[in-house]
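Q:
In the numbering used here, the protein residues as written are 27 to 196.
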């Protein structure tokens, strides 16, 4: 069986050690690529049909509104055959202590019973928040492993840490 690394990542304006920085590649995408290099597998980026605001602060408010509404934003696509994967790494930025709601849209599309879900997130100090509990609620019948939290501003230098963690989880 193969590994799947599915992630949502924000490019553009991001909070970065107390200021706003424009990123050409999102922090979560960097971590997802490190996982792929370490353990192999297919990468799949979750993309929303309606893009979030370019402004970090506006995006943050949009994310908060989606969370409060328990929204399921429409996404551009899905993995065609998820049955061929036994381990699914699920990556996201920690927004308001949770996964972005588009990740719920993606995960709820599938029956993940019997799968191993391995979460990872990037954040600026909030760790995993309650996202592991959120995943256990969404991924009924799956085993949800302990997640890995990476400080977003350090994501580019975290390959050794990410690699060691990923190898322990396959």
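Glycine residues also receive a C-beta, built at the ideal position from the N, C-alpha and C atoms.
I'd like the list of long-range same chain contacts for residue 81, defined as Cβ closer than 7 Å, with 5 residues on each side in sequence excluded.
A: Excluding positions up to five away in sequence, the list reads 39.
Q: Do residue 54 and residue 34 have their beta-carbon atoms positioned less than 8 Å apart in this structure?
A: In this structure, residue 54 lies closer than 8 Å to residue 34 by Cβ.
Q: For residue 147, which residues does DSSP report across the bridge?
A: Per DSSP, 118 and 175.
Q: Could you tell me whether the stretch 119 to 126 touches the stretch 87 to 94, where touching means 3 or more Cβ pairs closer than 8 Å?
A: Yes, the stretch 119 to 126 touches the stretch 87 to 94.
Q: Nearest chain C C-beta to residue 73 closer than 8 Å, yes or no?
A: Given the protein chain composition of this structure (a single chain), no chain C is represented.
Q: Say whether the stretch 177 to 196 touches the stretch 56 to 64, bearing in mind that this needs 3 or more beta-carbon pairs closer than 8 Å, one atom from each stretch.
A: Flag = yes, the stretch 177 to 196 and the stretch 56 to 64 touch.
Q: My guess is that residue 97 and residue 127 are in contact by the Cβ rule of under 8 Å, so how many angstroms apart are they, rounded?
A: Contact flag correct, Cβ pair sits at about 5 Å.
Q: Assuming residue 29 and residue 164 form a contact by the criterion Cβ under 8 Å, report the distance between their Cβ atoms to the nearest whole angstrom.
A: With 8 Å as the limit, residue 29 and residue 164 do not qualify as a contact, their Cβ atoms being about 20 Å apart.
Q: If you reduce the DSSP assignment to three classes, tell me which class residue 110 lands in.
A: Looking at residue 110 - three-state DSSP - the assignment turns out to be helix.
Q: According to DSSP, is residue 44 helix, strand or coil?
A: Coil.
Q: At what residues does the alpha helix (DSSP H) containing residue 53 begin and finish?
A: Here the alpha helix (DSSP H) through residue 53 covers 53 to 65.
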